[in-house]
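Residue numbers (my numbering): -4 to 531. Glycine included, each C-beta is placed from N, C-alpha and C at the ideal position. Every value quoted in this text rests on a predicted model; they were computed, and no experiment measured them.
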Amino acid sequence: MLNKFQGGLKKLNGKIEEINGKWELFIIFMLALVLVSVPLLGMGTLTSGVHLVDDHEFLRWTYEFRCQNANLLDILKVWFWRDLSWRYRPLYYFVRIFSCYVFGDNLIAYSFFKASEIIFSIIFLYYCGQEMSAGKVYSVLFAFTSMIGYQSAVWWKLGPQESLATLLLSAGFFCMLRYLKSNKKGWMAGNVFLFILMVHYKESHIILIPFFMLYILYFEICSSEKGQVTLPGIWRCIKSRIGYLIALSIIFIVPVIVIVFYVGTDQYGNVGFESGMSILEYVDGLGRSFKGDLKWYKRFGIFFCLILLTYWEELKKLWKEILLAASFVLPQIVLYGRSGIGERYILPSSVGFAFLFVYVIPKWKPLSGKRRFVYVLGILLCLAAHGRVMLREADYFRYRGESIMSTFQAVDKMKREDSNVLACFRPNEEGNLTINYWMKLRGFDNVYYWTEEEQMITKVCDINIAYPEEYYKEQDFDDIDIIVMYNKEDRHWVYDLTMDLTDFQEIPCGTLTIYVRNGSVDQIVRPQVEGLRIHF
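Structural data, given as structure tokens:
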């Protein structure tokens, strides 16, 4: 029965392998388009509106462009130097600010732009699999395994850098693979250009360059040395690609020097390297990661390894491929291990996971029979588990976004010109910034901010920014008409207010709650927010 089923799959796979050219591109494009459309259109993330993380920057720059007649170049210069004082991602704010200049606060348009990055990332990852001689089905699985899971948050969140960084990674890798096969200089130039953009856009992708340099040597050893690793052979491989390797070395070394000697390696909080850090911090961070967003990688990784251990003697011959995968993933673990690896930070490590378990192993000849069937079934189950995760995360993002937009719109309708609104989003300063600029764009500037620890109300929107002295003047709670705060439905919830709310009407609004002082508004607006749809 199993043999008959496997025979049918082989026939189907044979027909799939016959699809080439424009039809192949069309099919993979449609697969990527449908996949990305499920959370964006099907789950509603596309129209969920403003969120209380990252989106405040779009509102701020839109306010500066529209209401303060700010100049694009001036804003670019300010944010370039501000960001360079603690991060090294000079292209990030150029792309982000220019996008805001084009789209304004039209987040739907920007979401389509983000979606296109994901679609083309999937397409390039697929063709990377093809260039590495994987079958078409496994190339699709390689691309999907890389992109689907908790890391899918970068499909709909507008702040993370990982979407464009992954596109640059996958497109650059594709150009590299084409160059190694064809020796055409145009592919090498494209690869070098894309990798330069990549390392100047996202710091974690800088440490991927050693993997690509090792892959070049691996390719040369497999093609010209028949897989035999000897010192003379390695030297011959290096000499055959010396100019290319030097170019990649420069791409790697230059940003590393800037970070070490100018930006500093201790400017990233719990991300990166810091003198005096303990190995126990890594153990704790990785422990939380493997219990959290990496749990399915842990479970299926163990499952795959147990199958591979049954081929122990043959497995030892895969040391080159295992070393390659380790050179991809381990630097990311070192970089993010202390803070915990979750959501967007799973990229690009998920590509390394897919490289070993979805590309290398299925091509491995010893894997056969029932064990191969079980292994491939494991890949599909891993993908299914991460697909479920993707849907749940997209649903929550939609729910939270609709809660925020419904709340802001309700407050906008209820407030009078002389109303005072209190935002209770601290310690999430980005939440304060979001409501601040959203209201300013609508001509309203009477928003105050609550600090729970000090039991104080001021106009200080972000404690990390210096304001005029009058902003620090304490406001009387009796003058507050409307309060906006998180409730326990929101992941940013930290505390319930300790102030007396007996004179207020409570209006639940999804993950947020509005409190309106009796008699302070002309009409009460009670928005309706659809709850979570996914409960599995």
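Task: Residue from 526, 504, 123 and 531 whose Cα sits closest to the Cα of residue 519 - done: 504
Task: Alpha carbon of residue 441 to alpha carbon of residue 413, nearest angstrom - done: 8 angstroms
- [ ] Please classify residue 448: does DSSP put it in a helix, a strand, or coil?
- [x] coil
TODO: Evaluate the contact criterion for the segment 57 to 76 versus the segment 95 to 104: three or more CB pairs, one atom per stretch, below 8 angstroms.
DONE: yes
Task: Among 497, 51 and 531, the one whose alpha carbon lies nearest that of residue 381 - done: 531
- [ ] Enumerate, from N- to C-terminal direction, the unbroken beta strand (DSSP E) stretches of 3 or more residues contained entirely within the segment 391 to 417.
- [x] none
- [ ] Within 10 angstroms of the Cβ of residue 178, are there 16 or more other Cβ atoms? Answer buried if so, exposed if not.
- [x] exposed
TODO: Starting from residue 508, trace the alpha helix (DSSP H) both ways and give me its first and last residue.
DONE: Taken as a continuous stretch (DSSP letters only), residue 508 belongs to no alpha helix (DSSP H), being part of the beta strand (DSSP E) at 507 to 512.
Task: First and last residue of the uninterrupted beta strand (DSSP E) at residue 480 - done: 477 to 481
TODO: State buried or exposed for residue 91, treating a residue as buried only when at least 16 other CB atoms are found within 10 Å of its CB.
DONE: buried
Open item on the list: Once DSSP output is grouped into helix, strand and coil, what is the label at residue 198?
Closed with: helix
Task: Three-pair Cβ contact test at 8 angstroms for the segment 162 to 170 versus the segment 300 to 320 - done: no
Open item on the list: Less than 9 angstroms between the C-beta atoms of residue 115 and residue 162, yes or no?
Closed with: yes
- [ ] Measure the C-alpha to C-alpha separation of residue 6 and residue 192 and round it to an integer number of angstroms.
- [x] 42 angstroms
Open item on the list: Quick check on residue 503: does DSSP put it in helix, strand or coil?
Closed with: strand
Open item on the list: Please confirm whether residue 311 has its beta-carbon closer than 9 angstroms to some beta-carbon of chain D.
Closed with: Looking at the structure shown, chain D is missing, and only one protein chain is on hand.
Open item on the list: Rounded to whole angstroms, what is the Cα-Cα separation between residue 438 and residue 183?
Closed with: 52 angstroms
TODO: Would you mind stating whether residue 47 and residue 447 have Cβ atoms separated by less than 9 angstroms?
DONE: no
Task: Proximity winner among 251, 349 and 443, relative to residue 129 (alpha-carbon distances) - done: 349
Open item on the list: Counting beta carbon pairs with one atom in the segment 221 to 232 and one in the segment 344 to 362, are three or more of them shorter than 8 angstroms?
Closed with: no
Task: Residues near residue 119 in its chain [Cβ-Cβ closer than 6 angstroms; skip 5 each side] - done: 165, 166 and 169
Open item on the list: For residue 256, count the other beta carbons within 10 Å of its own beta carbon; 16 or more makes it buried, fewer makes it exposed. Which is it?
Closed with: exposed
Task: Residues of its chain near residue 58, where Cβ-Cβ distance is below 8 angstroms and the 5 sequence neighbours each way are ignored - done: 432, 435 and 436
Task: Where residue 456 sits in the DSSP three-state scheme - done: coil
Task: Check whether residue 40 and residue 393 have beta carbons under 9 angstroms apart - done: yes
TODO: Compare the beta carbon distance of residue 498 and residue 521 with 9 angstroms and say whether it is the shorter of the two.
DONE: no
Open item on the list: By the DSSP assignment, the alpha helix (DSSP H) with residue 64 in it spans what residues?
Closed with: Segment: none, residue 64 is in no alpha helix (DSSP H) and carries neither H nor E.
Task: Three-state secondary structure (DSSP) of residue 432 - done: helix
TODO: Kindly list the residues whose CB is nearer than 6 angstroms to the CB of residue 478, restricted to its own chain and excluding five residues on each side of it in sequence; keep chain order.
DONE: 417 and 510
- [ ] Determine the closest residue to residue 525 out of 356, 396, 148 and 45, with distance taken between C-alpha atoms.
- [x] 396
Open item on the list: Measuring alpha carbon to alpha carbon, tell me which residue in 506, 489 and 389 is nearest residue 529.
Closed with: 389
TODO: Count the CB pairs spanning the segment 204 to 216 and the segment 138 to 157 that are closer than 8 angstroms, and state whether there are at least three.
DONE: no
TODO: Could you round the C-beta distance between residue 445 and residue 421 to whole angstroms and report it? I think they count as a contact, below 8 angstroms.
DONE: 6 angstroms
Open item on the list: Starting from residue 307, trace the alpha helix (DSSP H) in both directions and tell me its first and last residue.
Closed with: 307 to 310
Open item on the list: From the DSSP secondary-structure annotation, give me the bridge partner or partners of residue 442.
Closed with: 416
Open item on the list: Taking the alpha helix (DSSP H) that residue 128 belongs to, which residues open and close that run?
Closed with: Element bounds for residue 128: n/a, residue is neither H nor E.
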